[in-house]
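Residue numbers (our numbering), protein chains in the order written: chain A, 1 to 668; chain B, 669 to 975; chain C, 976 to 1292. Glycine included, each C-beta is placed from N, C-alpha and C at the ideal position. Keep in mind that this is a model prediction, so the values were computed, not measured.
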Amino acid sequence: MCWVMARQRIACGMVLLSAIVGCRPEATSDRHYGTVSRHGRPLTTIVVNNFDEPEYLDSTLASDQVSSILISDLFEGLVVKHPRTLEPVQGVAERYDKSEDDRLFRFFLRKEARWSDGRAVVASDFVYAWRRVLTPATGSRSATLLHVVKNGRLFNQNKLMRLREASSLYESAKGKIVQKLAAGTAWQILSRKGDWAEVVEHHDLPYFGKPPPKPLAKPARGFVRAAVLVANPDVIGVRATSSHVLEVQLEDPTPYFLELCSYVVSYPVRRDLIEHFAAKGQEDRWARAENIITNGPYTVDDWRFRYRIVFKRNPHHYDHDQLKIHRIVWLEVPNINATLNLYKTGELDYVGAAMSLPPAHMGRLSAFEDFSRSMYLSTYWYAFNVTKKPVDDPRVRLALNLAVDKRQLVDKVTRGGQTPALHYVPDATGSGYSEMAAENRRTGTDPFSAKDWGFDPRRARKLLEEAGYPVVEAGRGRKAKGFPDLELLYNTSEGHRKIAVAIQDMFKRHLGITVALRNEEWKVMLKNLRDGHFQLARFGWTADYNHPRTFLDVFLSYSSQNNTRWRSPAFDAVMAQARKTPGRAASISLYRQAEQLALEGMSRIPLYFYTKSTMVKPYVRGFFPNALNEHAMRWVWIDPSWSLKTPGADNKPAITPRELPAPGRFMP
Amino acid sequence: MSRFVLRRVLGLVPTLWLVVTLVFFLVRLAPGGPFDAERAVPPEVMAALEAKYNLDAPLLVQYRDFLADLVFRADLGPCFKYPGRSVREIIALSLPVSMQLGCLAMVLALLVGVPLGVVGAVRHNRAADTIAMSVAMVGISVPRFVLAPILILVFSLTLYWFPVALWESPRHMVLPVICAGLPTAAYIARLTRGGMLEVIRADFIRTARAKGLSEWRIIWRHALRGGLLPVVSFLGPGFSGLLVGSLVVETIFNIPGMGRYFVEAALNRDYGLVMGVTLVYGSLLMVLNTAVDLAYAWLDPRVKLDG
Amino acid sequence: MAEVQDNSLRRDAWRRLKRNRAAVVSGCILAVLTLCCVLVPELSRWRYDEANLALGPTSPSWGHWMGTDYLGRDLMTRVFFGGRISLAVGVVATMVSFVIGVIYGGVAGYFGGRIDNLMMRLVDVMYTFPFLILVILLMVFFAGKDGAPYGVWVSVLGVFVADPKDPAYFPVFQIVFVFAALGAISWLTMARIVRGQVLTLREQPFVEAARTMGVSHTGIIFRHLLPNALGPIIVYATLTVPQVMLTEAFLSFLGLGTQEPLASWGLLASGGAEMMDIYPWILVFPAVMLAATLFCFNFLGDGLRDALDPQIRGGQR
């Protein structure tokens, strides 16, 4: 009571003062963090923090979140994610056909789709973009996502080429000629030596549903002069059969392919524009504010480097008149305290998807109504280098895993409502994974139960003793006798540091192991991870697409992301089988099996599954927390009469998403 | 005098060359490359990226090309982190902002620091001195990353006088300038006091005093000139340090200045940008130091400008 | 003869210093603080790195006089433990800068002309060096366990402790590198100031006199020029201590200085500033310690300055 009065008195003083020196937000309430006044901004303008400067607005090159957020409002793919369910809905494509085994797709493009200069969006725009992504010289860091397209991986790795001219196949480099070769045949390159390349005939070219060529009994193999080989993107399984029909052939059955078509890497780009700037040797400049041409609902209006980007509506977009937000102001504020202060004083409407709230603030902020939280498809883990002592011993790795109290970690350190992770793939993962996880738990057949994999220091000590390091009581604590030096590497950040210190304490307390902490800045740490200069290192993985495969692929023995050096032929085999298996249930259960093998190998200690917490003003509607943390601004609108309604009521997208009709059957 | 200036300006060239060469090779020795990212890149893609930025050439060839571009076209090459932006453009966008912040902060620092120092010296070991120096010490001993949140808490979130961040209107500039300028003001106050104390005891001041000139006139007309010598010494490094060293201020208030690139460019292994900010900082510093030497000569006729 | 004069000068200085109450008090506070930093972490019930996640951050209480930090570690133990590192970094790096800067600046200023020009250009070059890169390179190349410096460190440490390879000592070794980096950069301004002073002084009649009397260059620099230039030098040295301590904090903030679970006042304060509106005590205690120390260094420096200044010998104040 006293406090309230004092506050009111202070508030009166404030009003007086603010009349003299500046504007003070009029409307504050205890239910929301800071003011809910918009300082007279029009209802068609929204101000969002996008954390940092985007690296690229070129969808074929972007690989960071900040760029992707902007690009997904600037450009539009074949399909678009439904803001609430994340299921694919119509984008540039109005409908599609597919084959039963999820290998062949045909998209029918919308006639009224337009670039921001008025030109129609055509199928060849997509073909050009995808070929550009997969061309090695482009240097796209997201190209691996399109490796699912027929021959995409080989082409991207510069290993699939055609003969420029008629030539000869040699027995060995400079050896004798085995065979005359016709121009235009395709060859897979096995290795290169100087002017020569060892090649094998490649007949597996896209056939788009036509009867496939018979596999050769014995493909020709030998050496050719490297100079006659030339990269030709027509070996990739994507083509335009007419101006508005796009056909795709994939390497393997890919149930998540349709979803992939909503990802930034699959967006179309303008060939004429890029080539115009490439001719001047300034290819990168096509995506600058003054040059860029987009096909999404928005286009760039103003761009102040490292400070702010302003979007306006794309005048030719088919939803131009339905959009409720006409102007998006993206601030680039990397500092969390500045962001929260801007939000508090009403200068920001939304903290932004790229900004994470720090654990220390979580408890306080979560009490407000404008706080929002959702599961997020990302797993935080500590990776072992399984070739280094003492963690080359699986028993030691298992013991360390069992000694981590993950529940306490998320409750006391990260404090973001995260789920303690007993395995690697987040339970919320789609494509049938979450359903199967729930089903397993219900029937008591969960392979990742807390009983087997949860915190258990006693079992951990027993394992450690078996490995030859008996844990003895020493003074006020414990000591693992003879345990070699162990160092934990993490990249410099306050959040990672807190977790590392907590884990260090748990190892000391439960196992008597003193772990040294080393932090390095990100680039240096990545180099050391790649080179294997670590024993235990912080890492994690965020889903590229909503399917368990995105998490499990990094465990493959040949994956370039597998820094742990953990190799399991059994795991690789199950993964290969799962990949070739059509049908959701069957393949997901194989993926679960593979995951179990990975967990038993314990190349990484899973710590927790992420959540995303953010702050968004109560008047922002059409905003739905989701597991991919994607919030396209085309769905969003500002409700001037929000305060008259119950919180969360009337929360529907600004534009009604257009459902995709059921796919037709793919006929050649 | 003009010969001295000329020599100094010509002397900048080899110095800058030395700096450029040193930095060129040192950044490339550091582990980690500009294209390391979370998602490991296939070696072929990496090769393409390196070819694009001429990083696959032998080091000496890279060096030669870099120098040629720099000397003949004043071109520092592209920024790796932000393709489509040249290093020159990034500096052109951010340097003026830092200059604005730095100049305002220096003006503030001088306006606050010099009077505080003079008061401290004139009222040596008396209450005014203790108070002035205590104020200065608060400025020195509170780090900017503590000072800034306190200023924001008081003046923005409680009193609503000034915005919490961003760089738009003069009102946005008040808090950052105070935050950047106060610690410098404290240094200046200390140096002024030290220098003034030396001068006040000098014979010519005693003579002036004996002549019965008023105390403030003595300070203003005679003592200040000599007493400010240590401050002048400090101005060169102090000013350029203020320009680029306001990293904390720029971060906290989200000001699009150049200070942030000092740390960032190194962390990102953005070779061209590291070189760019080093060059700007270096030449700025050298020009300032030359200016300081001239000022020294003007303030203290006893100093000969050799060479 | 010079010997005798020097001794009396020093005795005079000591006497004057003792008369300066602020300086004496500051000196005492510093001594007490140092003693606390040595003793508290040893005598405390808690270890500086002992986390208690179940407890979490708590405000000051009887059990924890300064409260606990985010991980439930006793803040008082951490603050005084951090004091060891902060004080060591500040004092050692300042001493390094003092020695190098005075010699370098003295020589440059005294000889003037081409030597001065060359030496000062060199300083300029070093100023323009992006010093963060220097530190990163240093930490990355030489601060690893396979680098030669670590071998030296282990053998030196072996004299004092039984197990010098204990991973707990590794962060200490990294701090030594911070000393090196900070010492290497902070002498530059010192050199400039000394040179500026000497440049002015060497034109004065008493230097001319000494020169005509045949005193050697070294003699003139160290016996005549430097003692007369000592005032500003000491003032600047006392300013270097906070500067170094703040730079260390800045480095720790970037993850390049003091490493967890070790602590320094700067590291503690920068961590506390991030959440000062929620857990103010985590900021207040280290920040107050830091400020108090810097205050004291400064008043002590002032006292020394007054005491050492030859121009007020005879005390006609």
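Once you ignore the five residues that flank residue 800 of chain B on each side, which residues in its own chain have a CB closer than 6 Å to its CB? Reading the second sequence from its first residue, position 132 is the one you call residue 800 of chain B. Taken in chain order, the residues that qualify are 784, 787, 788.
Could you please give me the residues that DSSP links to residue 186 of chain A through a beta bridge? Translated into the one-based positions of the first sequence, residue 186 of chain A becomes position 186. For residue 186 of chain A, the beta-bridge partners assigned by DSSP are A:162.
Do the region 635-645 of chain A and the region 611-622 of chain A touch if we need at least three Cβ pairs shorter than 8 Å? Flag = yes, the region 635-645 of chain A and the region 611-622 of chain A touch.
Which word fits residue 116 of chain A, buried or exposed, when buried means at least 16 other C-beta atoms lie within 10 angstroms of its C-beta? Taking the first sequence and counting its residues from 1, one reaches residue 116 of chain A at position 116. That one is buried.
For residue 124 of chain A, the three-state DSSP class (helix, strand or coil): As a first step, residue 124 of chain A is located in the first sequence; it is residue number 124 there, counting from the start. Residue 124 of chain A: helix per DSSP, three-state reduction.
Residue 1199 of chain C versus residue 1083 of chain C - alpha carbon distance: As a working mapping, residue 1199 of chain C is identified with position 224 in the third sequence. As a working mapping, residue 1083 of chain C is identified with position 108 in the third sequence. Going by the C-alpha atoms only, they are around 15 Å apart.
Return the chain-ordered list of same chain residues with a C-beta closer than 8 Å to the C-beta of residue 88 of chain A, the five sequence neighbours on each side being excluded. The residue labelled residue 88 of chain A in the question sits at position 88 within the first sequence. 79, 80, 81, 82, 258, 259, 261, 262, 660, listed in sequence order.
Compute the Euclidean distance between the alpha carbons of residue 200 of chain A and residue 170 of chain A, then round it to the nearest angstrom. Position 200 of the first sequence, counted from the start, is the residue given in the question as residue 200 of chain A. Position 170 of the first sequence, counted from the start, is the residue given in the question as residue 170 of chain A. Their Cα atoms are separated by approximately 12 Å.
Note down, in chain order, each residue of its chain lying with its Cβ closer than 8 Å to the Cβ of residue 410 of chain A, except the 5 sequence neighbours on either side. Walking along the first sequence from the start, residue 410 of chain A turns up at place 410. If we look at residue 410 of chain A and ignore the five residues flanking it on each side, its Cβ neighbours are 416, 417, 418, 419, 420, 608.
Check whether the Cβ of residue 1130 of chain C lies closer than 8 Å to any Cβ atom in chain B. What you label residue 1130 of chain C is simply residue 155 of the third sequence in a count that begins at 1. So no, residue 1130 of chain C is outside the interface.
Rounded to the nearest angstrom, what separates residue 234 of chain A and residue 757 of chain B at their Cα positions? By one-based count along the first sequence, residue 234 of chain A stands at place 234. By one-based count along the second sequence, residue 757 of chain B stands at place 89. Rounded to whole angstroms, residue 234 of chain A to residue 757 of chain B spans 39 Å at the Cα level.
Name the chain A residues that come within less than 9 Å of residue 1253 of chain C, Cβ to Cβ? As a working note, residue 1253 of chain C is residue 278 in the third sequence. Going along chain A in sequence order, the residues near residue 1253 of chain C (Cβ under 9 Å) are 360, 361, 363, 364.
Can you tell me whether DSSP reads residue 378 of chain A as helix, strand or coil? The residue you call residue 378 of chain A lines up with position 378 of the first sequence. Reduced to three states, the DSSP call for residue 378 of chain A is strand.
Residue 348 of chain A - DSSP class collapsed to helix/strand/coil: Here the question's residue 348 of chain A lines up with position 348 in the first sequence. If DSSP states are grouped into helix, strand and coil, residue 348 of chain A belongs with coil.
Comparing the C-beta of residue 758 of chain B with each C-beta of chain A, is any distance below 8 Å? Counting from one through the second sequence, the residue named residue 758 of chain B turns up at place 90. Yes, because at least one Cβ of chain A sits closer than 8 Å to the Cβ of residue 758 of chain B.
Compare the C-beta of residue 1249 of chain C against all C-beta atoms of chain A and say whether one is closer than 8 Å. The residue given as residue 1249 of chain C occupies position 274 in the third sequence. Judged by the 8 Å Cβ criterion, residue 1249 of chain C is in contact with chain A.
Which whole runs of the beta strand (DSSP E) in the region 738-822 of chain B are 3 residues long or more, in chain order? None, since the region 738-822 of chain B contains no complete beta strand (DSSP E) of that length.
Along the region 500-534 of chain A, where does the CB come closer than 9 Å to a CB of chain C? Name the residues. 500, 501, 502, 504, 505, 506, 508, 509, 514, 515, 516, 517, 518, 519, 520, 521, 524, 533
What is the DSSP secondary structure of residue 105 of chain A, reduced to helix, strand or coil? Counting from 1 along the first sequence, the entry for residue 105 of chain A is found at position 105. Strand.
How would you call residue 24 of chain A, buried or exposed, if buried means at least 16 neighbouring beta carbons within 10 angstroms? Along the first sequence, one-based indexing puts residue 24 of chain A at 24. Because residue 24 of chain A carries a pLDDT of 47, less than 50, the predicted location of this residue cannot be relied on, and the following value inherits that uncertainty. Residue 24 of chain A is buried by the Cβ-count criterion.
Looking only at DSSP bridge pairs, what is residue 372 of chain A linked to? If you number the first sequence from 1, residue 372 of chain A lands on position 372. Answer by DSSP bridge pairing, in chain order: A:614.
Among the candidates A:666, A:31, A:663, whose CA atom is the shortest distance from the CA of residue 344 of chain A? In the first sequence, residue 344 of chain A corresponds to position 344, counting from 1. When each option's Cα is compared against that of residue 344 of chain A, the closest is A:31.
Hey, is residue 46 of chain A close to the ligand GDP, as in C-beta under 7 Å from one of its heavy atoms? Ligands in the displayed structure: none, and consequently the ligand GDP is not present.
Going by C-alpha to C-alpha distance, which of A:580, A:581, A:554, A:214 sits closest to residue 568 of chain A? Translated into positions along the first sequence, residue 568 of chain A becomes position 568. Per the Cα distances, A:554.
Residue 647 of chain A, buried or exposed, once every other Cβ within 10 Å from all chains shown has been counted against 16: In the first sequence, the residue the question calls residue 647 of chain A occupies position 647. Classification for residue 647 of chain A: exposed.
Contacting positions in the region 861-875 of chain B - beta carbon closer than 9 Å to chain C: 861, 862, 863, 865, 866, 869, 870
For residue 59 of chain A, does the count of other Cβ atoms within 10 angstroms reach 16, so buried, or fall short, so exposed? Here residue 59 of chain A refers to the residue found at position 59 of the first sequence. Residue 59 of chain A comes out buried.
State buried or exposed for residue 1179 of chain C, treating a residue as buried only when at least 16 other CB atoms are found within 10 Å of its CB. If you number the third sequence from 1, residue 1179 of chain C lands on position 204. It is exposed - the Cβ of residue 1179 of chain C has fewer than 16 other Cβ atoms within 10 Å.
By Cβ distance below 8 Å, which residues in the same chain neighbour residue 245 of chain A in space, the five residues on each side in sequence not counted? The residue you call residue 245 of chain A lines up with position 245 of the first sequence. Taken in chain order, the residues that qualify are 106, 107, 108, 109, 123.
Leaving aside the five residues before and after residue 724 of chain B along the sequence, list all residues of the same chain whose C-beta is less than 6 Å from its C-beta, in chain order. Position 56 of the second sequence, counted from the start, is the residue given in the question as residue 724 of chain B. The residues are 718.
Whole-angstrom C-beta distance between residue 480 of chain A and residue 511 of chain A, which should lie under 8 Å: Here residue 511 of chain A refers to the residue found at position 511 when the first sequence is read from its first residue. Here residue 480 of chain A refers to the residue found at position 480 when the first sequence is read from its first residue. Sure, about 6 Å apart at Cβ, within 8 Å.
Between the beta-carbon of residue 998 of chain C and the beta-carbon of residue 1205 of chain C, is there less than 8 Å? Translated into positions along the third sequence, residue 998 of chain C becomes position 23. Translated into positions along the third sequence, residue 1205 of chain C becomes position 230. Not a contact, by the Cβ cut-off of 8 Å.
Please identify, using Cβ separations under 8 Å, the residues of the region 952-971 of chain B that lie next to chain A, in order along the chain. none
Any contact of the region 885-894 of chain B with the region 802-819 of chain B, i.e. 3+ C-beta pairs under 8 Å? no
According to a CB-to-CB cut-off of less than 9 Å, which residues of the region 320-342 of chain A neighbour chain C? 336, 337
Which parts of the region 530-563 of chain A are runs of the alpha helix (DSSP H), unbroken and 4 residues or longer, counting only runs that do not cross its ends? 549-552
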